[in-house]
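Chains R and W, in that order, give the protein sequences.
Start counting the first sequence at 0; every next residue gets the next number (numbering that gives the first Met the number 0).
Start counting the second sequence at 0; every next residue gets the next number (numbering that gives the first Met the number 0).
Working notes, beginning with the structure itself.
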Amino acid sequence: MTMTATTDRTLPDPADRRAAAHAFIAGQARWRWPEAVFWLVAAASLVIFPHSLVLAAQVLIAGLFALSLDLILGLGGIVSLGHAAFFGLGAYTAGLLAAHGWNEPLTGLVAAGLVAGLVGFATSFIVVRLKGIALLMVTMGVALLLHEVAQKAHAITGGDDGLQGISMAPILGLFSFDLYGRTAFIYTLAVVFACFLVARRLYNSPFGLALKGMRENGRRVPAIGGSIRRHSALIYTIAAVMAGIAGGLLAQTTEFVSVEVLGFQRSAEVLIMLVLGGAGLLYGGFVGAAVFLVARQILSGIDQTYWFFWLGLMLVLVVLFARNGLLGGAKALLARWRRA
Amino acid sequence: MLLSLANILFNGVAYGMLLFLIAVGLSVTMGLMGFANLAHGAFAMLGGYVTATLMAKAGWPFFATLPAAFVLVALASLVLERALYRRLYRAGELDQVLLTIGVVFMAVAGATFVWGPSQAPIRVPAYLTGTVAIGPFDWGVYRLFLIAMGALVTLALIVGLERTRFGAMIRAAVDNPRMATGLGINVDRVFSITFMLGSGLAGLGGALGVNLIGLDPSFPIKYLVYFLIVVAVGGLGSIKGSLIAAIVLGVCDVAGKYYLPDTGAFIIYVIMVSLLLWRPLGLFGRR
Numbered sequence: 000m001t002m003t004a005t006t007d008r009t010l011p012d013p014a015d016r017r018a019a020a021h022a023f024i025a026g027q028a029r030w031r032w033p034e035a036v037f038w039l040v041a042a043a044s045l046v047i048f049p050h051s052l053v054l055a056a057q058v059l060i061a062g063l064f065a066l067s068l069d070l071i072l073g074l075g076g077i078v079s080l081g082h083a084a085f086f087g088l089g090a091y092t093a094g095l096l097a098a099h100g101w102n103e104p105l106t107g108l109v110a111a112g113l114v115a116g117l118v119g120f121a122t123s124f125i126v127v128r129l130k131g132i133a134l135l136m137v138t139m140g141v142a143l144l145l146h147e148v149a150q151k152a153h154a155i156t157g158g159d160d161g162l163q164g165i166s167m168a169p170i171l172g173l174f175s176f177d178l179y180g181r182t183a184f185i186y187t188l189a190v191v192f193a194c195f196l197v198a199r200r201l202y203n204s205p206f207g208l209a210l211k212g213m214r215e216n217g218r219r220v221p222a223i224g225g226s227i228r229r230h231s232a233l234i235y236t237i238a239a240v241m242a243g244i245a246g247g248l249l250a251q252t253t254e255f256v257s258v259e260v261l262g263f264q265r266s267a268e269v270l271i272m273l274v275l276g277g278a279g280l281l282y283g284g285f286v287g288a289a290v291f292l293v294a295r296q297i298l299s300g301i302d303q304t305y306w307f308f309w310l311g312l313m314l315v316l317v318v319l320f321a322r323n324g325l326l327g328g329a330k331a332l333l334a335r336w337r338r339a
Numbered sequence: 000m001l002l003s004l005a006n007i008l009f010n011g012v013a014y015g016m017l018l019f020l021i022a023v024g025l026s027v028t029m030g031l032m033g034f035a036n037l038a039h040g041a042f043a044m045l046g047g048y049v050t051a052t053l054m055a056k057a058g059w060p061f062f063a064t065l066p067a068a069f070v071l072v073a074l075a076s077l078v079l080e081r082a083l084y085r086r087l088y089r090a091g092e093l094d095q096v097l098l099t100i101g102v103v104f105m106a107v108a109g110a111t112f113v114w115g116p117s118q119a120p121i122r123v124p125a126y127l128t129g130t131v132a133i134g135p136f137d138w139g140v141y142r143l144f145l146i147a148m149g150a151l152v153t154l155a156l157i158v159g160l161e162r163t164r165f166g167a168m169i170r171a172a173v174d175n176p177r178m179a180t181g182l183g184i185n186v187d188r189v190f191s192i193t194f195m196l197g198s199g200l201a202g203l204g205g206a207l208g209v210n211l212i213g214l215d216p217s218f219p220i221k222y223l224v225y226f227l228i229v230v231a232v233g234g235l236g237s238i239k240g241s242l243i244a245a246i247v248l249g250v251c252d253v254a255g256k257y258y259l260p261d262t263g264a265f266i267i268y269v270i271m272v273s274l275l276l277w278r279p280l281g282l283f284g285r286r
């Protein structure tokens, strides 16, 4: 009898526990004011930087791409050196569709996400079985493979010269793309925000919690009944879809695609952006993309080779002194300031 | 047909030997310290520039520059190891990858700043150029020289690791660092020296490679994939594995360019990915 009494006290009944879990997750998922500020500032770019809307759209697209990497790296703990594979697939899907007459933007984006997602799904079974150097090599290998195919299929992709003849129809048949990038920016912002909502929902879902558990302790999750490989494969596929959408956005808003979208440099850059901003924090990719692209705009204006030097230095410093990136560092500072 | 086949094999083996020379150091250090060093190609590049500069500016003979390339690169790598790498031995591979990509970018920018963006010129001695006729075939002298160097280094490495006291210490430190420390081996120092040796070999390989594959500041990025393939496919820390992987890679690359110029490096990547799926630790990987 005493046994049951103690168990009753330490473990409340299942309904209560479920309610407590829901309350915890709901608490995690609550919107906080800095988030609102972030998106308001992003939207206000329209008024604040009317002459840099092209750059602003690039930041959002790169941020979305970095966010998709954050899903697998920050949440799933999978290190990929070939995430550009999915970005490039999306870009080529959207670009090729538009170049061959299917120039309705929204369906083009859906197709971009689908194609990238299919390839992501197919490769996810490989990826979840590997770790360490082999994982790095295989993710990189898949991207290099696609890069090589795109390069050789010059007749279809245009290779290094790029895919010519993309022109987009007005969005929803109403808003046509203009010279100053206003429509492109608003379109990008809307799509990126929608994808962000999905990512945020995932991040704060029981599924996201399971992934975090997997990242923190890969042995304990199977012990409580989670399947690591299934979770990893699912998040990898979702991230691939999102990267594909980001690539599609780039192709549609710039009306240009070249093999560079699949290159190693792009895979490395998105990793850099994410880590610079802070992995596993949802907003890290956007912060990193903004700092990275603005810095590049300024520094490569001075000299292209110096930009490479500063980029390298930035990476070394982040790894040595700010492992959680700019956002993580800011959070730590804020916490210390509050305690003092 | 037979002629071209022999030619491809010969060129492929020579190219593979060069890849082996450069990558074997990476294999040993990555297997030893578990450090994902993507900047290994930067050491090879430095070795190439040491040789090219000493020959062009100081008038050194080609053979005198080779030890210089080895020693200078080994010293440079020691500085880098002490200053940066050492801090990340226990960190995850993501941090290591990022740090070393950072080093690669800085090396590329630095090389462009010092030596300019174009190909570094080099003129090897006349007796290393041209071909000699042995039997029915003509053999490129420089490629013969490369194969001989590769064989020499392989022999030295195997004897050094299997037969010397320091080799035994390295093997002990790899197999069980804690036990090795308990036996009074200074594992830290063993790692440092091994790292220097590996980088020095890369420097030597880079110096030897200028004449065959050229040298410009993008070298560390252009050939990174090849070095990593050698290491990953051969198996970390395995000299035999690296040698076999490098030669297979060299022959496949040359043969692919000759017979199927349209597919390019495609075949190599397919082989790499499928090999790693079959054996994630590489052909001769142990851990």
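Glycine residues also receive a C-beta, built at the ideal position from the N, C-alpha and C atoms.
- DSSP, reduced to helix, strand and coil, places residue 45/W within a helical segment of the structure shown.
- Contact check between the segment 247-258 of chain R and the segment 164-171 of chain R: three or more CB pairs, one atom from each, fall below 8 Å, which counts as touching.
- Straight across, the Cα-Cα distance linking residue 142/R with residue 30/R is about 36 Å.
- By alpha-carbon distance to residue 29/W, the top candidate from 92/W, 215/W and 64/W is 92/W.
- Look at residue 120/W: its C-beta is not under 8 Å from any C-beta on chain R.
- Distance from the CA of residue 116/R to the CA of residue 220/W, rounded to the nearest whole angstrom, comes to 29 Å.
- Residue 186/W is outside the set of residues whose beta carbon lies under 8 Å from a beta carbon in chain R.
- Under the Cβ criterion of 8 Å, residue 304/R is counted among the residues facing chain W.
- Residue ranges of uninterrupted alpha helix (DSSP H) with 4 or more members, entirely inside the segment 195-219 of chain R and ordered along the chain, are 205-215.
- With respect to the C-alpha of residue 259/R, the residue from 226/R, 157/R and 272/R having the closest C-alpha is 157/R.
- Contact note: residue 109/W reaches chain R through 308, using a C-beta cutoff of 8 Å and chain order.
- Distance from the Cα of residue 159/R is smallest, within the candidate group 262/R, 122/R and 108/R, for 262/R.
- Close CB contacts of residue 120/R within its chain, under the 6 Å cut and outside five residues either way in sequence, are with 236 (chain order).
- Taking 8 Å as the cut-off between beta carbons, the residues of the segment 142-156 of chain R near chain W are 143, 144, 147, 148, 150 and 151, in sequence order.
- Beyond the five residues adjoining it in sequence on each side, residue 227/R comes within less than 7 Å, by CB distance, of 213, 217, 220 and 221 in the same chain, given in chain order.
- The continuous beta strand (DSSP E) containing residue 137/W extends over residues 136-139.
- Per DSSP, reduced to three states, the secondary structure at residue 130/W is strand.
- Taking 9 Å as the Cβ-Cβ cut-off, the segment 107-133 of chain R approaches chain W at 125, 128, 129, 130, 131, 132 and 133, given in chain order.
- Residues of the segment 217-240 of chain W whose Cβ lies closer than 9 Å to any Cβ of chain R, in chain order: 220, 223, 224, 227, 228, 230, 231, 232 and 235.
- Ranked by Cα distance from residue 241/W, the first of 5/W, 143/W and 22/W is 22/W.
- According to the DSSP secondary-structure assignment, residue 174/R is paired through a beta bridge with 170/R.
- Per DSSP, residue 127/R has no beta-bridge partner at all.
- With a threshold of 16 other beta carbon atoms within 10 Å, residue 301/R falls short and is exposed.
- Looking at the backbone, the Cα of residue 129/W and that of residue 229/W are separated by about 29 Å.
- The beta-carbon of residue 161/W is placed no less than 8 Å from the nearest beta-carbon of chain R.
- With respect to residue 136/R, residue 271/W sits close: the two C-beta atoms are nearer than 8 Å.
- Distances from the alpha-carbon of residue 283/R to those of 58/R, 315/R, 26/R and 319/R put 58/R closest.
- A straight line joining the alpha-carbon of residue 101/R with that of residue 233/R spans about 30 Å.
- Separation of the CB atoms of residue 47/W and residue 284/W is rounded to 29 Å, and the pair is thereby denied contact status at 8 Å.
- Judged by DSSP in its simplified three-state form, residue 162/R adopts strand.
- Residue pairing by DSSP places residue 256/R opposite 162/R in a beta bridge.
- Residue 116/W and residue 41/W have their alpha carbons spaced roughly 15 Å apart.
- When secondary structure is reduced to three states using DSSP, residue 232/W falls in the helix class.
- Across the structure, residue 78/R and residue 157/W are spaced so that their CA atoms are roughly 34 Å apart.
- In terms of Cβ geometry, residue 311/R and residue 69/R do not form a close pair [threshold 8 Å].
- Within chain R, the C-beta atoms nearer than 8 Å to that of residue 86/W come from 319, in chain order.
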